[in-house]
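In what follows, a structure is listed as structure tokens, so that the remarks can point back to it.
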Amino acid sequence: MSLTVYCPPLANIPWEDRPQGSHAVIWRYSANPVIPRNAALNSNSIFNSAVVPFNGHFAGVFRVDDTRRVMNLRAGFSEDGLCWHIQAEPIQFICEDAELARFEHRYDPRVCWIEDRYYVTWCNGYHGPTIGVGYTFDFRTFYQLENAFLPYNRNGVLFPRKIRGKYAMLSRPSDRGHTPFGDIFYSESPDLIHWGRHRWVLGPFAPWCSTKIGAGPTPIETSEGWLLIYHGVITSCNGFTYSFSALLLDLDEPWRVIARAEPYLLSPQTPYECVGDVPNVVFPCAALVDGATGRMAIYYGAADTVTALAFAYVHELVDWVKANTAK
Ligand code: BMA
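Taking this note's numbering, the leading residue of the sequence shown gets 18, the next gets one more, and so forth.
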């Protein structure tokens with residue numbers, strides 16, 4: 018069956034062909050890391066960040082930990098999705114409630130175009146981590162809405178359209194620290210303020226993700242279901258190792274998993290993934306898609322230090338998920 022990818026064309030998607038002789042379903046950018054740790058003023062590290070098409074080029078919200086090791090978000094712009102200009106100052110969200118706007122920490126942003134604007138979700142410190150929600154039209158002025166959930170929660174990822182008439186979000190309830198558990202849940206909202214009808218989606222199921230899992234980039238709509246890339250964690254005697262894989266969710270009832278691959282898709286294996294402030298981490302937060310060709314450019318944080326890029330085709334990834342799902 019031929020797959021339909023419900024995404025607009027993106028002819029200028031960053032892209033590199035699969036290396037000669039390789040049959041891999043995903044391959045790394047040869048010039049990784051695409052964003053080095055010191056690509057912004059006073060940055061200790063730039064990782065776990067979200068990019069989207071913007072005005073014929075690209076824009077994004079970046080996790081920049083500064084040289085004080087304060088975790089915050091900065092906007093950035095790029096002509097080609099490869100060379101990024103990341104702002105010297107963190108985003109100042111405009112928020113009606115000073116209590117809500119007070120800063121504890123902000124990290125791991127996702128950006129999702131819905132209807133008429135770019136929504137940003139992130140891990141927002143409010144007496145512990147929870148899901149911050151905001152929006153922007155131009156990546157210059159940002160507005161902050163209510164937190165989606167009570168603490169503690171992380172990895173809030175919006176769907177790019179309403180489902181059954183409601184906004185929809187995946188999230189991962191957690192604890193205050195380096196959470197040693199974690200399942201993905203689905204929630205819906207009439208207004209992006211009030212969230213409910215929570216449904217369990219998936220928990221750890223294979224050794225590579227036996228500690229916890231969490232949604233990654235905005236889900237990609239296809240005729241076979243929502244293609245979701247997500248991270249999973251295994252605990253070894255040396256701590257956590259973060260890999261990522263992919264699964265398919267039902268289009269109308271996205272808490273129902275149609276297929277999920279047993280193996281990981283990409284695990285930390287290169288020096289920039291294995292060595293850094295937190296070794297052995299690949300953490301995807303964004304995927305650009307060219308609806309015309311199915312090309313994907315997946316942006317992921319590597320070793321909590323730099324941002325890396327990998328390429329795939331949506332239709333090959335969907336086939337791979339289905340072929341690697343346990344019968
Ligand atoms: C998670 C988050 C991510 C980070 C990962 C690995 O709990 O803090 O930002 O990449 O741990 O350290």
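From the three backbone atoms N, C-alpha and C, an ideal C-beta is built for every residue, glycine too.
Host beta strand (DSSP E) of residue i (start-end)
i, result
"residue 250", "242-253"
"residue 70", "60-71"
"residue 108", "Run containing residue 108: none; DSSP gives neither H nor E here."
"residue 136", "134-142"
"residue 78", "74-83"
"residue 146", "146-153"
"residue 129", "123-131"
"residue 230", "229-232"
"residue 93", "88-95"
"residue 159", "159-161"
"residue 239", "237-239"
Range covered by the alpha helix (DSSP H) that runs through residue i
i, result
"residue 116", "115-118"
"residue 289", "288-291"
"residue 338", "331-340"
Residue i CB to nearest heavy atom of the ligand BMA below 8 Å
i, result
"residue 140", "yes"
"residue 134", "no"
"residue 261", "no"
"residue 166", "no"
"residue 371", "Any answer about residue 371 is impossible in this case: the structure gives the chain only from 18 up to 344."
"residue 298", "yes"
"residue 222", "no"
"residue 252", "no"
"residue 195", "yes"
"residue 184", "no"
"residue 65", "yes"
"residue 198", "no"
"residue 87", "no"
"residue 80", "yes"
"residue 124", "yes"
"residue 321", "yes"
"residue 318", "yes"
"residue 295", "yes"
"residue 71", "no"
"residue 257", "yes"
Among the options, the one whose alpha carbon lies nearest that of residue i
i, options, result
"residue 273", "293, 245 and 85", "245"
"residue 243", "119, 268 and 231", "268"
"residue 19", "294, 260, 239 and 280", "239"
"residue 92", "84, 86, 85 and 75", "75"
"residue 48", "213, 33, 320 and 266", "33"
"residue 161", "168, 310 and 150", "150"
"residue 105", "71, 157, 278 and 148", "157"
"residue 294", "129, 310 and 84", "84"
"residue 128", "256, 52, 71 and 29", "71"
"residue 221", "175, 264, 40 and 254", "264"
"residue 142", "206, 192 and 237", "192"
"residue 289", "275, 306 and 319", "319"
"residue 301", "39, 125, 338 and 82", "125"
"residue 200", "110, 231 and 336", "231"
"residue 261", "173, 299 and 235", "299"
"residue 236", "179, 29 and 326", "179"
"residue 173", "187, 182 and 181", "187"
"residue 205", "247, 271, 266 and 344", "271"
"residue 25", "177, 168, 308 and 182", "308"
"residue 135", "276, 66, 154 and 123", "154"
"residue 27", "114, 338, 176 and 73", "73"
"residue 123", "137, 113, 132 and 131", "137"
"residue 292", "148, 120 and 62", "62"
"residue 132", "95, 119, 176 and 94", "176"
"residue 194", "185, 59, 101 and 144", "144"
Anticipated Cβ contact below 8 Å, residue i with residue j, distance rounded
i, j, result
"residue 108", "residue 56", "So it is not a contact: roughly 17 Å between Cβ atoms."
"residue 146", "residue 164", "Not really, about 10 Å apart at Cβ, beyond 8 Å."
"residue 304", "residue 313", "5 Å"
"residue 225", "residue 251", "5 Å"
"residue 278", "residue 342", "6 Å"
"residue 99", "residue 68", "Wrong, their Cβ atoms sit about 10 Å apart, outside the cutoff."
"residue 54", "residue 322", "5 Å"
"residue 331", "residue 22", "5 Å"
Neighbour flag for residue i against chain D, beta carbons, 9 Å
i, result
"residue 38", "Within the model displayed, chain D is absent; a lone protein chain is all it includes."
Please go through the stretch 265-321 and give each complete alpha helix (DSSP H) segment of 4 or more residues, from N-terminal end onward.
Entirely contained in the stretch 265-321, the alpha helix (DSSP H) runs reaching 4 residues are, in chain order, 288-291.
Return the chain-ordered ranges of every beta strand (DSSP E) run that is complete within the stretch 175-226 and spans a minimum of 3 residues.
Taking 3 residues as the minimum length, the beta strand (DSSP E) runs contained wholly in the stretch 175-226 are 184-190, 201-206 and 213-219, in order along the chain.
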